[in-house]
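**Q** Structure provided below as structure tokens; questions to follow.
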Amino acid sequence: MQSSSKMFTELLSTLPKHNHNIFSVDLYQYQGFWYDSKILEGVIQVQQQFQALSTDIIIAGWPKTGNTWLKALCFAIATRKQYHQTKNPLLTNLPHNLVPVLEIDFLNNPKIRETLHHSVLSTHMPYTSLPKSITSSGCKIIYICRDPKDTFVSFYHFFRRLHVLSTRVGGSKTDLDSSFHDEFDMFSEGKTTNGPYWDHVLGYYKASLDRPDMFLFMKYEELVEDPVFYVKKLARYMDKPFSLEEELEGIPEKIVKTCSFQSLSGLEVNKTGKYYVHESYMLDNNTFFRKGNIGDWKNHMTPEMAKRIDGITSERLRGFDFSFGQPIAP
Ligand code: A3P
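In full-length UniProt numbering, the protein residues as written are 1 to 330.
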């Protein structure tokens, strides 16, 4: 019998590949989306082995659309009766270490679920690649998306912080500018890790129209606009609504405060800690906290770049009652 790693290597050799030269990494196209080989290994393992439970709450989103924040909020909502406010694990852990990413943490430890005291999990996998057990288990999915222009700017800065690029770019303005433009082209063509972004959003959006009970579809911008409202909505969706007493005590507001950009980014663990992805990929926790603003793209993109992204967006969303940035009716 072939070892799974041999089968995986054989699979890789059959997949379309492109060198994401800015980040010195080969990406492989699998079921319409691009991944580096390690993440793809995790995706396939999830597809083959992950068994969802009807009680699971799965946070899904393209990278840099607000996953860290949403994880913190959902973790705080789910565990609010387990911990005293001053002992909340969010004060000493990066949210990604409290809410595992299926295709990363399941690969590192298939028994990861047994280490949790809650049922919140997460993934960056596209809807169309999720294992059947997720779509048939009756579990719930909370999807977050963000204006593609801000998503790209956040994505670019995040990857720029990774060691490979920082070595290659070396802080030189000329290189940085050209890498921004090159990476922008890649993003627009959908050839970045987990790309194309628009297909990812539309996959979940279309599924949420077919199965509204299974999805809560969120936008980063609406969370910024009215976090308390959305925390209450999240809690209801997670079957953990706030009681009247909790509302009178201001628990939703306290959760919003604990999970705010200012609070999380100021914690020692998030200023100095490291996040282990796999043996060749370790991130500083602070890479997950940059600015947390809406509209930062205006400080980075030329009007032509913004027009190009908006053009792709209106083309791809044509016919759907959906636009980025605008609140979806509660
Ligand atoms: P910026 O790079 O625009 O600042 P993800 O968590 O999906 O990787 O997304 C990261 C983006 O969310 C970054 O955006 C980051 O600063 C922002 N972010 C992280 N924590 C946040 C929080 N508590 N509130 C608002 N935004 C947050």
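Glycine included, C-beta positions come from ideal geometry on N, C-alpha and C.
Just the C-alpha distance for Y143 and M218, rounded to the nearest angstrom, thanks.
**A** Translated into positions along the sequence shown, residue 143 becomes position 143. Translated into positions along the sequence shown, residue 218 becomes position 218. Y143 and M218: Cα-Cα distance of roughly 6 Å.
**Q** Taking only three categories from DSSP, how would you classify E114?
**A** Taking the sequence shown and counting its residues from 1, the one referred to as residue 114 is at position 114. Residue state, collapsed to three classes: helix.
**Q** What's the C-alpha gap between L70 and T258?
**A** Taking the sequence shown and counting its residues from 1, the one referred to as residue 70 is at position 70. Taking the sequence shown and counting its residues from 1, the one referred to as residue 258 is at position 258. If you take the alpha carbons of L70 and T258, they lie about 12 Å apart.
**Q** According to DSSP, is Y197 part of a helix, a strand, or is it coil?
**A** Reading the sequence shown from its first residue, position 197 is the one you call residue 197. Three-state result, Y197: helix.
**Q** Under 7 Å from any heavy atom of the ligand A3P, does the C-beta of T68 make it?
**A** Stepping through the sequence shown from its first residue, residue 68 is reached at position 68. Yes; taking the cut-off as 7 Å, the Cβ of T68 has a heavy atom of the ligand A3P nearer than that.
**Q** Any idea what DSSP makes of W69, helix, strand or coil?
**A** Taking the sequence shown and counting its residues from 1, the one referred to as residue 69 is at position 69. Helix.
**Q** Enumerate, from N- to C-terminal direction, the unbroken beta strand (DSSP E) stretches of 3 or more residues contained entirely within the stretch 120 to 161.
**A** Counting only runs of 3 or more, we get 120 to 123 and 140 to 145.
**Q** Could you pull the start and end residues of the beta strand (DSSP E) that A60 belongs to?
**A** Here residue 60 refers to the residue found at position 60 when the sequence shown is read from its first residue. Looking at the DSSP string, the run of the beta strand (DSSP E) that includes A60 is I57 to G61.
**Q** Closer than 6 Å by C-beta to F288: which residues in its own chain qualify, once you throw out the five before and the five after it? Chain order, please.
**A** Residue mapping note: residue 288 aligns to position 288 of the sequence shown, counting from 1. Counting only Cβ-Cβ distances below 6 Å, and skipping sequence neighbours, we find T68.
**Q** Measuring alpha carbon to alpha carbon, tell me which of K81, Q31 and P241 ends up nearest H200.
**A** Numbered from its first residue, the sequence shown carries residue 200 at position 200. The shortest Cα separation from H200 among K81, Q31 and P241 belongs to Q31.
**Q** Roughly how many angstroms separate the alpha carbons of H18 and D26, rounded to a whole number?
**A** Position 18 of the sequence shown, counting from 1, holds the residue named residue 18. Position 26 of the sequence shown, counting from 1, holds the residue named residue 26. So the two alpha carbons sit approximately 6 Å from each other.
**Q** Going by beta carbon distance, what residues of the same chain come within less than 6 Å of P227, once the five residues before and after it are set aside?
**A** Counting from 1 along the sequence shown, the entry for residue 227 is found at position 227. So the qualifying residues of the chain are V256.
**Q** Mark N88 as exposed unless 16 or more other C-beta atoms lie within 10 angstroms of its C-beta, in which case mark it buried.
**A** As a first step, residue 88 must be located in the sequence shown, where it is residue number 88. Answer is buried; the Cβ neighbour count reaches 16.
**Q** Going by CA-CA distance only, name the one from F50, G295, R211 and T14 that's closest to T123.
**A** Here residue 123 refers to the residue found at position 123 when the sequence shown is read from its first residue. Of the candidates F50, G295, R211 and T14, the one whose C-alpha sits nearest the C-alpha of T123 is F50.
**Q** Look at the Cβ atom of S54, then the Cβ atom of C139, and state whether they are nearer than 8 Å.
**A** As a first step, residue 54 is located in the sequence shown; it is residue number 54 there, counting from the start. As a first step, residue 139 is located in the sequence shown; it is residue number 139 there, counting from the start. Yes.
**Q** Check the DSSP bridge columns for N19 and list the partner residues they point to.
**A** Within the sequence shown, residue 19 is the residue found at index 19, counting from 1. Note: N19 sits in a beta bridge opposite D26.
**Q** Please find out if some non-hydrogen atom of the ligand A3P comes closer than 7 Å to the beta-carbon of N293.
**A** Residue 293 sits at position 293 when you count from the first residue of the sequence shown. At least one heavy atom of the ligand A3P is nearer than 7 Å to the Cβ of N293, so yes.
**Q** Taking the CB atoms as reference points, tell me whether K274 and L283 lie closer together than 8 Å.
**A** Sequence index remark: in the sequence shown, residue 274 carries index 274 (1-based). Sequence index remark: in the sequence shown, residue 283 carries index 283 (1-based). A contact, by the Cβ cut-off of 8 Å.
**Q** Please state the DSSP three-state secondary structure of H181.
**A** In the sequence shown, the residue the question calls residue 181 occupies position 181. Helix.
**Q** For D296, which of D150, D105 and Y83 has the nearest alpha-carbon?
**A** Indexing the sequence shown from 1 puts residue 296 at position 296. Comparing Cα-Cα distances from D296 to each of D150, D105 and Y83, the minimum goes to D150.
**Q** Give every residue of the same chain whose Cβ lies closer than 6 Å to the Cβ of S129, excluding the five residues on either side of it in the sequence, and list them in chain order.
**A** Numbered from its first residue, the sequence shown carries residue 129 at position 129. Excluding positions up to five away in sequence, the list reads Q31.
**Q** In its own chain, which residues sit with a C-beta less than 6 Å from the C-beta of A207, not counting the 5 before and 5 after it?
**A** Taking the first residue of the sequence shown as 1, we reach residue 207 at position 207. The residues are Y127.
**Q** Report the partner residues of H300 according to the DSSP bridge assignment.
**A** One-based indexing of the sequence shown puts residue 300 at position 300. In DSSP, H300 forms no bridge with anything.
**Q** If you follow the beta strand (DSSP E) that Y35 is in, where does it begin and where does it stop?
**A** Position 35 of the sequence shown holds residue 35. Note, Y35: beta strand (DSSP E), F33 to D36.
**Q** Does the count of Cβ pairs from the stretch 37 to 51 and the stretch 227 to 240 closer than 8 Å reach three?
**A** Touching, no, given that fewer than three Cβ pairs across the two stretches are closer than 8 Å.
**Q** Is R290 a contact residue of the ligand A3P, with contact defined as CB to any heavy atom under 7 Å?
**A** As a working mapping, residue 290 is identified with position 290 in the sequence shown. Because some heavy atom of the ligand A3P lies under 7 Å away, the Cβ of R290 counts as near it: yes.
**Q** Just to confirm my understanding: we take M1, look at its own chain, exclude 5 residues before and 5 after, and list those with CB closer than 7 Å. What are they?
**A** Taking the first residue of the sequence shown as 1, we reach residue 1 at position 1. No answer about M1 holds up, because its pLDDT of 48 lies below 50 and its placement is not dependable.
**Q** Does the stretch 188 to 200 come within contact of the stretch 304 to 320, defined as at least 3 CB pairs closer than 8 Å?
**A** In short, these stretches touch, since the Cβ pair count reaches three.
**Q** Give every residue of the same chain whose Cβ lies closer than 8 Å to the Cβ of L12, excluding the five residues on either side of it in the sequence, and list them in chain order.
**A** Position 12 of the sequence shown holds residue 12. Answer for L12: Y28, S37 and L40, listed in chain order.
**Q** Since M282 sits in a beta bridge, which residues does DSSP pair it with?
**A** Along the sequence shown, read from residue 1 onward, the residue named residue 282 stands at position 282. Note: M282 sits in a beta bridge opposite Y276.
**Q** Shortest alpha-carbon distance to H20 belongs to which of I251, T14, R113 and F184?
**A** For the purposes of this step, residue 20 is taken as residue 20 along the sequence shown, with counting starting at 1. Of the listed residues, the one whose Cα sits closest to H20 is F184.
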